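Student: So that you can map any letter, position 216 of the sequence shown is 276 in the numbering used here, and since no number is skipped, the others follow by simple counting.
For glycine and all other residues, C-beta sits at the position ideal for the given N, C-alpha and C.
A quick note: this is a predicted structure, and the numbers were derived from the prediction, not measured.
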Amino acid sequence: MGLFSKENKAGQVDLNNLPCHVAVIMDGNGRWAQKRGLPRSAGHKAGAETFRKLGTYCKNLGIDYLTVYAFSTENWKRPKDEVDGIMHLLEQYLHECIDTMEKDGNRLRFLGDLSVLTPELRELIDETNEISSRIEGFQANVCLNYGGRDEILHAARAFARDCAAGEQDADALTEEGFSRYLYSSGLPDPDLLIRPGGEKRISNYLLWQCAYSEFYFCDTLWPDFTEREFDKALIAYQHRERRFGGLKQEKQK
Ligand code: FPP
């Protein structure tokens, strides 16, 4: 029988059955801003706040990893001022993390093709990587210039190069071996993928890693996504039966 938290706002989240890794598509920032007559950048700013708040919530609950989709390989098609605004928010966030992550015991990792980012952003990322390497505990992962297909192609190219160099044997490749070439190398697969904002698609996010993730969709726009909404997603997850392609588990006699 599960242990139910007294403090938890929903009073229903089973703390013995938490997902280890939650992934989120932070959708609906633009619509949130539009509804208020604000520029889209205000929606992304509010979305970044929601990410900070829910990162702390995950950590306090005992969830090990929170992975968010901050900028996709397709998002470069957006107007330059919107792209610049998101990059600026990330830069601000990185500065904040450099000041606080060691004290708070929070690790940060970036997944994606970071080679096209500005040298300033890359330097800040290097700095947070260095700090993270000295810390244990909760980890936030930010997908940046990330695409699921791009990730698989990038991994396939690297694997092919290692085969050509005689360091790998194509016939001996396993799923586990291939996953070590992905940006997410070493991370457990997400148990739960949350997409707020009303759309019900995967949008090129963690295509390899979400093979057996549970999906939770809702209409709430990301900047309005509260801890209570997060609880609802956790409770929905806890009512799912995960079979990983097998059969229902019989109760132990
Ligand atoms: C999708 O909503 C959101 C994005 C493409 C950007 C998300 C980025 C942030 C929240 C800032 C990242 C910063 C940190 C600190 C992680 P949308 O703009 O497509 O919304 P819409 O569907 O309503 O237009």
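#1: State buried or exposed for THR178, treating a residue as buried only when at least 16 other CB atoms are found within 10 Å of its CB.
#2: Since I believe ARG167 is in contact with PHE198 (beta carbons under 8 Å), could you give me their beta-carbon distance rounded to a whole number of angstroms?
#3: Find out if the Cβ-Cβ distance for the pair GLY88, GLY258 is shorter than 9 Å.
#4: Checking the sheet assignment: what are the DSSP bridge partners for CYS203?
#5: Pairing CB atoms from the segment 185-196 with CB atoms from the segment 221-239, are three or more of them under 8 Å?
#6: For GLN309, count the other beta carbons within 10 Å of its own beta carbon; 16 or more makes it buried, fewer makes it exposed. Which is it?
#7: So, ILE185 versus LEU174, is the Cβ gap smaller than 9 Å?
#8: Can you tell me which of ARG255, LEU252, GLU235 and ILE146 puts its alpha carbon nearest to the alpha carbon of GLY246?
#9: Need the endpoints of the alpha helix (DSSP H) that HIS148 sits in, please.
#10: Excluding the 5 residues flanking ASP222 on each side, which residues of the same chain have their C-beta closer than 7 Å to its C-beta?
#11: Candidates TYR265, ARG288, HIS104 and TYR297: which alpha carbon is nearest ASP210's?
#12: Can you give me the Cβ contacts of GLY122 inside the same chain, cut-off strictly under 7 Å, excluding the 5 residues immediately before and after it?
#13: Using only the alpha-carbon positions, how far apart do ARG96 and LEU233 sit?
#14: Can you give me the C-alpha to C-alpha distance between LEU307 and MET147, rounded to a whole angstrom?
#15: Among residues of its own chain, excluding the 5 on either side of LEU126, which ones have a beta-carbon nearer than 6 Å to its beta-carbon?
#16: Which of the three DSSP states is assigned to TYR243 in this structure?
#17: Does the beta-carbon of TYR315 have 16 or more other beta-carbons within 10 angstroms, so that it is buried, or is it exposed?
Tutor: Reading it off the structure:
#1: Translated into the one-based positions of the sequence shown, residue 178 becomes position 118. Under a 10 Å Cβ-count criterion, THR178 is classified as exposed, with fewer than 16 other Cβ atoms of the shown protein chains found around its own Cβ.
#2: Indexing the sequence shown from 1 puts residue 198 at position 138. Indexing the sequence shown from 1 puts residue 167 at position 107. In this structure PHE198 is in contact with ARG167, their Cβ atoms being roughly 7 Å apart against a cut-off of 8 Å.
#3: Within the sequence shown, the letter at position 28 stands for residue 88. Within the sequence shown, the letter at position 198 stands for residue 258. Result yes, Cβ atoms of GLY88 and GLY258 sit closer than 9 Å.
#4: In the sequence shown, residue 203 corresponds to position 143, counting from 1. When DSSP reads this structure, CYS203 sits in a beta bridge with TYR129 and LEU171.
#5: Fewer than three pairs of CB atoms, one per stretch, sit closer than 8 Å, so the segment 185-196 makes no contact with the segment 221-239.
#6: Locating residue 309 in the sequence shown gives position 249, counting from the first residue. Classified as exposed, GLN309 has fewer than 16 neighbouring CB atoms from the shown chains inside 10 Å of its CB.
#7: Taking the sequence shown and counting its residues from 1, one reaches residue 185 at position 125. Taking the sequence shown and counting its residues from 1, one reaches residue 174 at position 114. Their beta carbons are under 9 Å apart, which means ILE185 touches LEU174 by this criterion.
#8: As a position in the sequence shown, residue 246 is number 186, starting the count at 1. Ranking the options by Cα distance to GLY246, first place goes to GLU235.
#9: Position 88 of the sequence shown holds residue 148. Where HIS148 is concerned, the enclosing alpha helix (DSSP H) stretches over 140-164.
#10: The count along the sequence shown starts at 1 and reaches residue 222 at position 162. Within the same chain, ASP222 has close Cβ partners GLN228.
#11: By one-based count along the sequence shown, residue 210 stands at place 150. Here the closest residue by C-alpha is TYR265.
#12: Looking up residue 122 in the sequence shown gives position 62. The residues are LEU75 and LEU78.
#13: The residue you call residue 96 lines up with position 36 of the sequence shown. The residue you call residue 233 lines up with position 173 of the sequence shown. If I take the Cα positions, the gap works out to 52 Å.
#14: Working through the sequence shown from its first residue, we reach residue 307 at position 247. Working through the sequence shown from its first residue, we reach residue 147 at position 87. So the alpha carbons of these two residues sit roughly 45 Å apart.
#15: As a first step, residue 126 must be located in the sequence shown, where it is residue number 66. Sequence-distant partners of LEU126 (beyond 5 residues in either direction) whose C-beta falls short of 6 Å from its own C-beta, in its chain, are VAL82, GLY115, CYS118 and ALA200.
#16: Position 183 of the sequence shown, counting from 1, holds the residue named residue 243. Coil, per DSSP.
#17: This structure cannot speak to residue 315, because the chain is shown only from 61 to 313.
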